[in-house]
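Residue numbers (the UniProt record's numbering), protein chains in the order written: chain Z, 1 to 328; chain R, 1 to 763.
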Ligand SMILES: Cc1cc2nc3c(=O)[nH]c(=O)nc-3n(C[C@H](O)[C@H](O)[C@H](O)COP(=O)(O)OP(=O)(O)OC[C@H]3O[C@@H](n4cnc5c(N)ncnc54)[C@H](O)[C@@H]3O)c2cc1C
Ligand code: SF4
């Protein structure tokens with residue numbers, strides 16, 4: 001491991017001063033992703049700012065009737081919160097579908113959003129990888145790419161973002177609240193936080209250097225039935241091959257609202273508004289769900305080992321929408 | 001080792017009792033000390049191994065100056081300055097056993113033979129300093145084009161001289177090809193089984209400390225005698241200068257039968273630095289440097305009449321092997337004994353690739369071989385339209401079909417029938433894809449299990465001190481299987497004491513030599529030695545009791561001696577054992593016992609343990625996710641020494657079967673020659689949620705030809721056939737037969753029906 005200095009930030013301004021004043025500084029929260037990457041020297045920060053003690057561990061109600069989740073709230077705390085469980089069950093389910101109980105106890109809301117891809121070649125410093133070493137090539141493109149992206153990828157990088165939580169937040173229209181080194185705050189919709197790889201897969205988010213996630217804002221709960229469906233190779237403790245976060249509101253016998261987001265298919269959680277729109281006002285039917293699934297995956301491109309994700313994603317969408325449109 | 005279980009009643013046969021693990025409390029309280037946790041006098045230094053970034057070629061330049069200058073770095077070792085070691089030698093050792101003892105030099109040449117092969121060792125004051133310095137070593141390689149992908153080099157396949165464990169490469173009985181050509185009913189199928197890794201919880205780790213010309217090595221080893229020879233031969237020192245300590249082992253599964261780089265490099269560096277050195281492989285390094293099961297392509301051909309009587313069996317296995325050291329897993333050998341058929345072929349072929357050597361992985365042979373073969377049997381049953389159990393019963397042999405010797409005991413049919421009864425096998429629908437619950441397809445599958453039984457030469461020492469304290473010592477290991485416990489039971493039974501009164505000491509090369517843990521022979525081999533040592537000790541005690549003046553038994557008849565309830569009884573007199581020893585042998589007594597490797601009984605009988613696995617699986621109709629919902633294994637393995645530890649062994653094997661069927665695969669990248677998914681996030685083994693309520697039933701059995709206990713090896717039996725039962729259940733659930741293991745959802749999905757409205761599916 002490359003030697004680094006360490007600072008425990010007690011106040012936000014200390015953290016900001018630390019990150020502004022030290023080149024190659026990084027925030028560390030739960031450390032469940034960053035430390036693994038540092039041991040392998042894929043991340044090589046010169047300075048670590050421990051932000052675990054900043055006062056961002058509360059979940060508060062907003063004036064709009066939603067919730068403001070502090071960036072330091074642990075995944076397990078968030079999943080257990082009664083307001084989350086009753087008004088945003090898709091989020092609780094997504095959190096509990098992720099990692100293991102031990103990791104969820106450490107993992108923070110901010111860190112979960114900013115965790116990096118699990119691409120095997122990214123993790124192996126001997127392999128070409130444009131994300132780790134820009135310009136070196138992408139070993140996954142013609143390699144073992146079973147876990148890789150079918151949507152929004154480029155020839156430079158086909159990695160997926162592994163977060164389950166972010167997929168649920170996207171379907172809930174959540175926003176990320178940040179503060180930069182100048183103290184300026186802004187809100188970024190979760191769907192805009194991550195960038196598609198294009199020719200610069202090493203640039204993963206819209207965040208500026210040193211910009212910190214301080215909270216995630218959830219708008220008021222949606223009417224309808226929510227669920228998170230994660231498809232994986234074993235029953236627990238595996239990343240999603242494909243996941244679907246769905247909310248369907250059926251009034252009478254027609255669909256009054258339908259939204260769904262996909263995980264495991266792209267470098268960011270994925271949502272296709274046109275696929276949702278066609279369901280509005282329609283009767284619940286497998287045909288409609290099949291059409292929505294087809295639209296959602298219309299631009300999908302398989303890379304060989306991950307071709308199966310296209311039919312799998314469609315089938316999972318259909319299953320999830322059908323389940324979410326059931327009564328009771 | 002002291003017993004955590006208070007046991008009051010001592011007048012019984014402890015063999016066969018579900019005694020709790022005598023080392024359980026030490027383990028769950030963290031007091032069991034594993035290799036890397038040992039302490040020595042003086043400050044220890046930490047080593048970190050740097051592995052090659054190519055799979056074949058040579059190191060053309062290596063610059064360690066920057067690493068050497070880093071704070072805390074004590075030594076950087078490369079092929080340029082590493083102590084001289086003997087050359088590795090030929091790919092095949094002249095004698096079978098030498099594979100365990102041959103020198104295994106590390107950092108001795110500039111050649112790179114496999115990806116992540118050690119090219120440098122950094123030793124520093126801390127692990128982090130060593131690892132940090134390793135990263136700044138600059139290396140240039142001359143990269144050569146290697147061969148990595150078995151399927152692309154089949155034309156280069158060759159027949160080895162023998163398989164692992166010294167079996168014949170080929171067996172030919174009758175005229176299979178003619179029978180097959182003429183047969184109306186036949187299965188002609190090809191299965192592939194992937195690279196797999198053992199992944200014991202405890203990594204390969206060593207602490208080496210020299211004192212003069214003698215080295216003490218704390219390591220994680222299954223067989224001490226072999227390790228000791230391997231180390232001595234590599235370091236070129238006499239074996240008696242190597243003291244090995246391996247008291248607790250966090251799993252081995254066959255990956256700790258030979259020395260690896262951690263041990264050799266720790267010993268070399270510690271000698272160099274005159275300071276104890278610790279080295280552990282990281283989890284990622286274990287994928288390249290601690291053995292694997294090789295990828296195989298297996299052709300299984302079966303011919304039968306319409307009633308399901310087999311007329312021919314052919315099992316042809318082609319396996320990848322390391323170019324520099326051959327390992328031919330005995331994958332088709334079990335098929336020589338399992339079913340009757342007049343015409344038979346079993347053959348093993350190898351293709352050399354540029355990877356590290358394959359090693360013995362739990363149930364070598366049966367684990368991959370039965371995955372293929374027992375699925376092919378299921379294909380045959382489906383084709384003929386008979387029940388898979390019936391098919392197997394129809395082909396039950398009278399004697400070993402290729403050796404023509406009787407079976408010592410064989411209860412395969414009873415295992416299948418008992419299992420069928422308990423599992424509700426009659427509910428199975430023969431037509432696949434017909435049972436549905438909600439959006440799940442449900443299927444049942446079964447497969448047979450067979451695994452040879454062995455006995456290896458072993459010795460043990462026992463002593464009783466003046467206060468009656470009993471100590472048993474042997475260089476046997478307990479790799480988590482329960483050896484400490486069963487040896488205590490065996491000694492307790494023989495001496496008429498509670499197991500808690502027996503201090504079993506294992507894992508030290510100063511103790512008498514045993515066969516170690518491997519090949520499921522540990523309990524029988526070490527147990528027999530302990531039993532014989534106890535018998536020898538009892539004779540000594542009896543003799544002294546009669547000869548020493550002042551003994552209550554002075555002058556009595558030695559033939560009528562009994563040891564029970566903590567007492568010795570001769571004739572009508574009895575006396576507390578400790579009191580007696582205190583009077584007649586205050587300085588204590590000791591004795592040795594030994595057992596020879598199986599000889600005549602092994603030649604004259606076909607000795608195997610058997611079982612039958614039953615699986616119920618649920619397959620998601622939309623996503624093809626597969627989850628085992630119930631599993632039962634019925635086992636006929638001779639006398640069960642301890643039903644509790646035995647059950648754990650079988651359950652562990654069943655879990656391995658689930659893993660092999662559904663998820664375990666190390667993916668070799670044919671471009672770079674490395675295992676792509678080399679960590680536990682992406683090399684999937686079953687987690688708790690994948691393992692439903694597993695059930696194990698042992699049939700009442702005793703095999704008098706096996707050993708003094710009538711027991712048979714069980715450590716590997718649970719794996720054998722278990723994965724095939726899972727795959728057969730998947731077929732029964734879905735009608736999809738996947739012949740490329742593991743059966744992951746992407747392979748099943750295309751065979752599932754298309755979704756339609758109202759939940760009904762169109763095919
Ligand atoms: C074996 C394993 C399995 C896993 N399985 C899953 C899974 O199935 N599903 C899933 O979703 N996840 C899974 N995870 C990932 C896990 O959810 C993440 O590691 C975790 O959420 C990261 O949170 P953290 O607080 O530990 O982040 P850290 O490791 O502390 O940080 C991660 C990154 O975010 C940055 N960062 C952290 N907080 C902030 C902030 N407030 N502002 C700006 N930057 C910040 C850090 O600088 C770092 O770059 C798994 C992880 C492991 C190790
Ligand atoms: S997919 Fe992206 S992360 Fe993976 S190797 Fe290619 S560039 Fe690197």
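Glycine included, C-beta positions come from ideal geometry on N, C-alpha and C.
Here the structure is a predicted model, which is why all the values come from computation and not from measurement.
Open item on the list: Could you give the first and the last residue of the continuous alpha helix (DSSP H) run that contains residue 276/Z?
Closed with: Segment 273–277, the alpha helix (DSSP H) holding residue 276/Z.
Open item on the list: Closer than 8 angstroms to a non-hydrogen atom of ligand 1 - does that hold for the CB of residue 237/Z?
Closed with: It does: the Cβ of residue 237/Z is within 8 angstroms (strictly closer) of some heavy atom of ligand 1.
- [ ] Decide if the region 106–113 of chain R is in contact with the region 69–89 of chain R; the criterion is three or more beta carbon pairs, one per stretch, under 8 angstroms apart.
- [x] In short, these stretches touch, since the Cβ pair count reaches three.
Open item on the list: I need the straight-line Cα distance from residue 418/R to residue 634/R, nearest angstrom please.
Closed with: Going by C-alpha positions, residue 418/R is about 7 angstroms away from residue 634/R.
Task: Bridge partner(s) assigned by DSSP for residue 129/Z - done: Residue 129/Z pairs with 138/Z.
TODO: Kindly examine ligand 2 and report whether one of its heavy atoms sits closer than 8 angstroms to the Cβ of residue 130/Z.
DONE: The answer is yes for residue 130/Z.
TODO: Kindly indicate if chain Z contains any beta-carbon less than 9 angstroms away from that of residue 12/R.
DONE: Interface criterion not met: the Cβ of residue 12/R is under 9 angstroms from no Cβ in chain Z.
- [ ] Name, in chain order, the residues that DSSP records as bridge partners for residue 626/R.
- [x] Residue 626/R pairs with 619/R.
- [ ] Assign residue 232/Z to one of three DSSP states: helix, strand, or coil.
- [x] Three-state result, residue 232/Z: coil.
TODO: Look up residue 464/R in the DSSP assignment and give the residues it is bridged to.
DONE: Answer is 470/R, 589/R.
Task: For residue 360/R and residue 518/R, believed in contact at Cβ under 8 angstroms, the rounded distance - done: Cβ-Cβ separation between residue 518/R and residue 360/R: approximately 7 angstroms, consistent with a contact (criterion under 8 angstroms).
Task: Sub-9 angstroms separation of residue 718/R and residue 741/R beta-carbons - done: Contact flag unset, no.
- [ ] Please confirm if residue 394/Z has its CB atom under 9 angstroms from at least one CB of chain R.
- [x] Within the shown structure, residues of chain Z are numbered from 1 to 328, placing residue 394/Z beyond reach of any answer.
- [ ] Note down, one range per segment and in chain order, each beta strand (DSSP E) of at least 3 residues found wholly within the region 165–227 of chain R.
- [x] Qualifying beta strand (DSSP E) stretches, in chain order: 170–173, 185–193, 205–211, 214–219.
Task: residue 439/R versus residue 221/Z - alpha carbon distance - done: Taking the straight line from one Cα to the other gives about 29 angstroms.
TODO: With 7 angstroms as the C-beta to C-beta threshold (strictly closer), list the residues of the region 98–119 of chain Z near chain R in chain order.
DONE: Under the 7 angstroms Cβ criterion, the region 98–119 of chain Z contributes 118.
Open item on the list: Following a CB-centred definition, is residue 5/Z positioned closer than 8 angstroms to any heavy atom of ligand 1?
Closed with: Outside the cutoff, so no.
Open item on the list: I want to check one thing, is the minimum distance from the CB of residue 127/Z to the heavy atoms of ligand 2 below 8 angstroms?
Closed with: Residue 127/Z has its CB nearer than 8 angstroms to a heavy atom of ligand 2.
Task: Where residue 333/Z sits in the DSSP three-state scheme - done: Nothing in the structure corresponds to residue 333/Z, since chain Z is present only between 1 and 328.
Task: Within 9 angstroms, strictly: CB atoms of residue 123/R and residue 45/R - done: At a Cβ-Cβ threshold of 9 angstroms, residue 123/R and residue 45/R count as neighbours.
- [ ] Check whether the Cβ of residue 674/R sits closer than 8 angstroms to any heavy atom of ligand 2, and report yes or no.
- [x] No, the Cβ of residue 674/R stays beyond 8 angstroms of every heavy atom of ligand 2.
Open item on the list: Can you pull the chain R neighbours of residue 296/Z, defined as C-beta to C-beta under 9 angstroms?
Closed with: Correct list: empty, because the minimum Cβ distance to chain R is about 15 angstroms.
Task: Proximity of residue 459/R and residue 245/R at Cβ, strictly below 9 angstroms - done: Cβ distance not < 9 angstroms, so residue 459/R and residue 245/R don't count as in contact.
TODO: Kindly indicate if chain R contains any beta-carbon less than 9 angstroms away from that of residue 239/Z.
DONE: So yes, residue 239/Z belongs to the interface.
Open item on the list: Does the CB of residue 147/Z have a neighbour CB from chain R at under 9 angstroms?
Closed with: Taking Cβ atoms only, chain R reaches closer than 9 angstroms to residue 147/Z, which makes this a yes.
Task: Distance, residue 678/R Cα to residue 203/R Cα - done: Rounded to the nearest whole angstrom, the CA to CA distance from residue 203/R to residue 678/R is 14 angstroms.
Open item on the list: Tell me which residues share the same chain as residue 357/R and place their Cβ nearer than 6 angstroms to its Cβ, disregarding the 5 neighbours each side in the sequence.
Closed with: So the qualifying residues of the chain are 322, 325, 327.
TODO: Can you tell me which of 117/Z, 124/Z, 255/Z puts its alpha carbon nearest to the alpha carbon of residue 201/Z?
DONE: Looking at the Cα atoms, 117/Z is the closest of the given residues.
TODO: Alpha carbon to alpha carbon, how far is residue 736/R from residue 760/R? Give it in angstroms, no decimals.
DONE: Residue confidence is low: residue 760/R scores 42 on pLDDT, short of 50, so the model does not pin down where it sits. Its coordinate-derived value is still stated next. Going by the C-alpha atoms only, they are around 19 angstroms apart.
Task: residue 15/R (DSSP reduced to helix, strand or coil) - done: Here residue 15/R sits in coil by DSSP.
Open item on the list: Below 9 angstroms on C-beta distance, what does residue 749/R contact in chain Z?
Closed with: Counting only Cβ-Cβ distances below 9 angstroms, residue 749/R has contacts in chain Z at 308, 311, 312, 315, in chain order.
Task: Heavy atom of ligand 2 within 8 angstroms of residue 142/Z beta-carbon - done: Because no heavy atom of ligand 2 lies under 8 angstroms away, the Cβ of residue 142/Z does not count as near it: no.
Open item on the list: Can you find the residues in the same chain that come closer than 6 angstroms, C-beta to C-beta, to residue 246/Z, ignoring five residues on each side of it along the sequence?
Closed with: Contacts found: 227, 260, 320, 321, 324.
Open item on the list: Below 9 angstroms on C-beta distance, what does residue 340/Z contact in chain R?
Closed with: Nothing in the structure corresponds to residue 340/Z, since chain Z is present only between 1 and 328.
Open item on the list: Would residue 201/R pass as an interface residue toward chain Z - the criterion being a Cβ-Cβ separation below 9 angstroms?
Closed with: Output row for residue 201/R: interface = no.
- [ ] Please go through the same chain and pick out, in chain order, the residues whose beta-carbon is closer than 6 angstroms to the beta-carbon of residue 146/Z, but skip the five residues on each side of it.
- [x] Within the same chain, and ignoring the five residues on either side of residue 146/Z in sequence, the residues whose Cβ sits closer than 6 angstroms to its Cβ are 305, 306.
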